[in-house]
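Quick mapping for you: the protein sequence lines, in order, are chains G and E.
In case it helps, the UniProt record's numbering puts the first sequence at residues 1 to 308.
In case it helps, the UniProt record's numbering puts the second sequence at residues 1 to 308.
First up is the structure itself, then whatever we jot down about it.
2 protein chains.
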Amino acid sequence: MKQTNSWICLQSQATASLDKPLNSVSLDSRGLAYGDGFFTTMGVIDGAILWQDYHRQRIRSHATALQLDIDSDALCIDLQIHAKQLQQGVLKLIITRAPQAVRGYGFTPKVSGSQCKIWLKAMPMNIATIDQWQLPNGHLVPMQPVIPAACLTAQLACFPPPLAGLKSLNRLDNVLASGELQRLNQTAPNLDKKFGEGLVRDMTGSWIEGTMSNIFYRLNSQKQTSATAEQFDNTQWFTPPLEHSGVRGVMRTVIMEGFATSTTPIMERPLRDEDLPKLSQLFFCNALRGIMPVSSLTLLTGEVINFA
Amino acid sequence: MKQTNSWICLQSQATASLDKPLNSVSLDSRGLAYGDGFFTTMGVIDGAILWQDYHRQRIRSHATALQLDIDSDALCIDLQIHAKQLQQGVLKLIITRAPQAVRGYGFTPKVSGSQCKIWLKAMPMNIATIDQWQLPNGHLVPMQPVIPAACLTAQLACFPPPLAGLKSLNRLDNVLASGELQRLNQTAPNLDKKFGEGLVRDMTGSWIEGTMSNIFYRLNSQKQTSATAEQFDNTQWFTPPLEHSGVRGVMRTVIMEGFATSTTPIMERPLRDEDLPKLSQLFFCNALRGIMPVSSLTLLTGEVINFA
């Protein structure tokens with residue numbers, strides 16, 4: 001994989017060395033036809049995959065959930081080789097269920113899972129590493145400049161187990177939410193008024209994540225009404241539970257685990273409309289960009305909450 | 001389109017005559033990457049598309065919901081030309097949002113909608129027309145031989161407006177349900193013990209549709225308990241409402257409209273667990289197979305309900 005911005009078809013079997021260059025997929029692909037697969041996007045710095053163990057966990061958990069036969073160890077060795085060649089950039093991995101002899105949506109279940117098609121693309125991209133945030137377990141996470149954000153009206157789909165939380169190829173809800181964010185930004189008077197991310201609800205009205213990221217937040221306890229029995233330290237970080245909607249992102253897991261053995265482990269807690277005025281801090285995060293701290297949040301009412 | 005089982009890329013603009021033969025799609029396709037598109041599958045008999053006006057409605061409603069720029073009139077003329085060439089079989093249409101200059105899920109909203117990629121495949125297939133059911137408005141619907149069916153444990157995803165009910169490329173819930181049906185049938189002792197379809201619930205526990213079809217049912221009023229205030233004629237047909245889960249299928253619409261001006265219009269009514277023992281008739285339906293009447297329904301408890 002010398003060239004970037006081109007795809008290759010990975011063979012995770014013994015013939016790993018025979019990677020096939022390929023920029024297209026059959027129109028009969030189950031990935032296209034039904035979204036029958038998943039993806040993951042990995043940052044590469046100095047020839048090494050960032051959060052590699054967490055991407056490996058994702059590959060394993062998704063293989064189980066979708067009943068796919070993936071040799072994740074062999075695949076991860078392959079990924080390391082390609083990261084080494086790329087040195088700096090991004091690797092995008094797409095895994096779909098291979099064609100099946102049965103008609104329509106169905107597939108023939110096997111104990112080992114279905115055979116897969118595995119594609120990898122290397123892209124040049126600068127992963128920001130200037131500012132970093134040190135988690136309680138010592139891990140360093142890239143930190144982006146602050147961005148203004150806005151609440152969106154688009155809602156996320158709600159998935160049953162075992163699909164909930166997966167980074168599957170079924171992302172139409174994120175597409176429409178991202179389209180809404182782009183529409184808001186089309187009317188922004190200038191570049192520094194553009195929203196860097198949008199906050200999206202699930203179908204019960206809870207605020208779940210960004211259009212392409214997870215969220216963490218803190219609440220100002222002084223602003224809490226006496227009506228609520230909750231009492232938290234101002235320094236407590238929360239993140240919404242993702243039992244039905246949203247994607248359990250790699251960076252979300254990194255941060256959760258980074259705080260797990262600290263004195264203030266991160267708590268999963270729904271973020272409701274009535275919590276928004278009490279927010280004292282908010283950041284988005286994903287595996288490529290790390291932390292994206294929010295400078296202000298524009299609510300659906302037009303009200304703007306500014307963060308210190 | 002002389003050859004069958006191959007795809008062509010349709011140009012729905014003025015250059016319609018320059019249909020490009022193409023059996024593959026870029027790995028960067030938004031259809032593959034995010035499920036950003038929809039599809040429809042049309043039966044063709046004697047050179048004509050079955051339920052053409054309903055497929056046209058689907059194309060229009062999905063273009064609006066997904067903010068796609070589709071000249072549905074020009075496209076439908078194109079489809080008719082290909083149907084004429086095919087004479088007998090099935091046309092599968094896939095429409096995705098064309099690549100966008102923005103990174104990730106996002107797209108640049110336009111008043112006219114996003115540009116599309118449109119693909120069409122012709123397949124040989126015999127559309128059964130031996131038995132037919134005459135709807136109250138006179139339309140004839142193909143009727144298949146009876147099949148045994150089974151309740152499945154797989155659940156359908158729940159979509160927010162405007163995604164609810166669409167035949168989008170996001171079908172992982174149907175894929176897993178179909179896989180469960182295949183698994184049940186792997187252990188069937190012989191062919192006539194195999195289930196022809198599976199009944200699938202939404203995430204609230206209501207029974208919504210089949211793995212690849214919609215459902216209609218009748219209730220035996222004599223079996224209704226006094227606890228329920230509902231009193232129906234034994235001849236009343238019901239179908240589950242599809243506000244959040246499931247696909248509003250073409251054949252479902254054909255049947256609903258076929259009864260709309262009759263003395264007993266079809267009622268939308270949830271199908272709950274407690275209703276299953278009261279079922280007196282049940283059929284699955286889709287645009288290709290028409291009606292698939294059910295001879296027996298095996299519940300999750302193993303209990304079997306036989307229909308007359």
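Note that beta-carbon positions come from the ideal geometry of N, C-alpha and C, so glycine has one too.
Treat the numbers as computed from the prediction; the structure is a model and nothing was measured.
Using only the alpha-carbon positions, how far apart do residue 311 (chain E) and I215 (chain E) sit?
Within the shown structure, residues of chain E are numbered from 1 to 308, placing residue 311 (chain E) beyond reach of any answer.
Helix, strand or coil, according to DSSP, for L297 (chain G) in the structure here?
Strand, per DSSP.
Could you tell me how far apart the beta carbons of I49 (chain E) and L79 (chain E) are, in whole angstroms, since I believe they sit closer than 8 angstroms?
With a Cβ gap of about 6 angstroms, I49 (chain E) and L79 (chain E) count as contacting.
Would you tell me roughly how many angstroms separate the C-alpha atoms of D53 (chain E) and L181 (chain E), rounded to the nearest one?
So the two alpha carbons sit approximately 32 angstroms from each other.
Which value, in whole angstroms, describes the spacing of the CA atoms of I94 (chain E) and V254 (chain E)?
Distance between the alpha carbons of I94 (chain E) and V254 (chain E): 22 angstroms.
State the DSSP-derived secondary structure class of V90 (chain E), mapped to helix, strand or coil.
DSSP places V90 (chain E) in strand when its eight states are reduced to three.
State the DSSP-derived secondary structure class of A74 (chain G), mapped to helix, strand or coil.
DSSP places A74 (chain G) in helix when its eight states are reduced to three.
Can we say the segment 126 to 137 of chain G touches the segment 181 to 200 of chain G, given the rule of at least three CB pairs closer than 8 angstroms?
No, the segment 126 to 137 of chain G does not touch the segment 181 to 200 of chain G.
According to DSSP, is P142 (chain E) helix, strand or coil?
Strand, per DSSP.
List, in chain order, every chain G residue whose beta-carbon is nearer than 7 angstroms to that of M212 (chain E).
Those are G104, Y105, listed as they occur along chain G.
Could you tell me whether any Cβ in chain G is nearer than 8 angstroms to the Cβ of M203 (chain E)?
Closer than 8 angstroms to some Cβ of chain G, the Cβ of M203 (chain E) qualifies, so yes.
Please classify residue 327 (chain G) as buried or exposed, where buried requires at least 16 neighbouring CB atoms within 10 angstroms.
Outside the displayed range of chain G (1 to 308) lies residue 327 (chain G), so it cannot be described from this structure.
For the alpha helix (DSSP H) containing L66 (chain E), list its first residue and its last residue.
L66 (chain E) -> alpha helix (DSSP H) spans 52 to 66.
Can you give me, in chain order, the residues of the segment 33 to 61 of chain E that have a beta carbon less than 8 angstroms from any beta carbon in chain C?
Although the question refers to chain C, the structure presented lacks it and instead comprises the protein chains G and E.
Cβ of D173 (chain E) less than 8 angstroms from any chain G Cβ?
Yes, because at least one Cβ of chain G sits closer than 8 angstroms to the Cβ of D173 (chain E).
Given this structure, state the Cα-to-Cα distance separating C9 (chain G) from E209 (chain E), to the nearest angstrom.
Computed Cα separation, rounded: 36 angstroms.
Write down the C-beta distance between G196 (chain G) and T211 (chain G) rounded to the nearest angstrom, noting that I regard them as a contact closer than 8 angstroms.
Wrong, their Cβ atoms sit about 10 angstroms apart, outside the cutoff.
For a contact defined as C-beta to C-beta under 7 angstroms, what are the partners of T108 (chain G) on chain E?
Those are Q182, listed as they occur along chain E.
Against chain G, with Cβ distances strictly below 8 angstroms, would V25 (chain E) count as a contact?
Closer than 8 angstroms to some Cβ of chain G, the Cβ of V25 (chain E) qualifies, so yes.
Any C-beta of chain E within less than 9 angstroms: which residues of the segment 132 to 151 of chain G qualify?
Those would be none; no residue qualifies.
For the segment 287 to 296 of chain G against the segment 264 to 271 of chain G, do three or more pairs of beta-carbon atoms, one drawn from each stretch, fall closer than 8 angstroms, so that the two count as touching?
Flag = no, the segment 287 to 296 of chain G and the segment 264 to 271 of chain G do not touch.
So with CB distances below 7 angstroms, who are the chain E contacts of C76 (chain G)?
The contacting residues do not exist; C76 (chain G) stays about 21 angstroms from chain E at best.
If the cut is a Cβ gap below 9 angstroms, which residues of chain E does K121 (chain G) touch?
Neighbours of K121 (chain G) on chain E, chain order: L27, D28.
Kindly indicate which three-state DSSP category V111 (chain E) falls into: helix, strand or coil?
Correct three-state label for V111 (chain E): coil.
If you follow the beta strand (DSSP E) that M251 (chain G) is part of, which residue opens it and which one closes it?
No beta strand (DSSP E) holds M251 (chain G); the alpha helix (DSSP H) holding it covers 250 to 260.
Residues of chain G with a CB under 7 angstroms from the CB of N170 (chain E): which are they?
Under the 7 angstroms cutoff, chain G gives G35, N170, L172.
May I have the straight-line CA-CA distance separating L276 (chain E) from F284 (chain E), to the nearest angstrom?
L276 (chain E) and F284 (chain E): Cα-Cα distance of roughly 15 angstroms.
Who are the neighbours of G31 (chain E) on chain G, taking C-beta pairs under 7 angstroms?
Per Cβ cutoff of 7 angstroms: L32.
Can you name, in chain order, every residue of its own chain whose Cβ lies under 8 angstroms from the Cβ of N306 (chain G), other than the five neighbours on each side?
S295, S296.
Spell out a yes or no on whether the segment 115 to 126 of chain G and the segment 58 to 74 of chain G are touching, meaning 3 or more CB-CB pairs, one atom from each, closer than 8 angstroms.
Yes, the segment 115 to 126 of chain G touches the segment 58 to 74 of chain G.
Can you round the beta-carbon distance between Y34 (chain G) and L169 (chain E) to whole angstroms, since I take them to be within the 8 angstroms contact cut?
With 8 angstroms as the limit, Y34 (chain G) and L169 (chain E) qualify as a contact, their Cβ atoms being about 7 angstroms apart.
What is the DSSP secondary structure of residue 344 (chain E), reduced to helix, strand or coil?
Because chain E is modelled from 1 through 308, residue 344 (chain E) falls outside the range shown and cannot be assessed.
Let me confirm a value: Q155 (chain G) is counted as buried when at least 16 other C-beta atoms fall within 10 Å, else exposed. Which label applies?
Buried.
Using a Cβ-Cβ cutoff of less than 7 angstroms, which residues in the same chain neighbour A16 (chain E) once the five nearest sequence positions on both sides are dropped?
Confidence in A16 (chain E) is poor, its pLDDT being 44 and thus under 50, which makes the residue's placement unreliable; the coordinate value appears in the next sentence. Excluding positions up to five away in sequence, the list reads A74, D78.
Taking just the CA atoms, how far does S6 (chain E) sit from P124 (chain E)?
Answer to the nearest angstrom: the Cα atoms are 11 angstroms apart.
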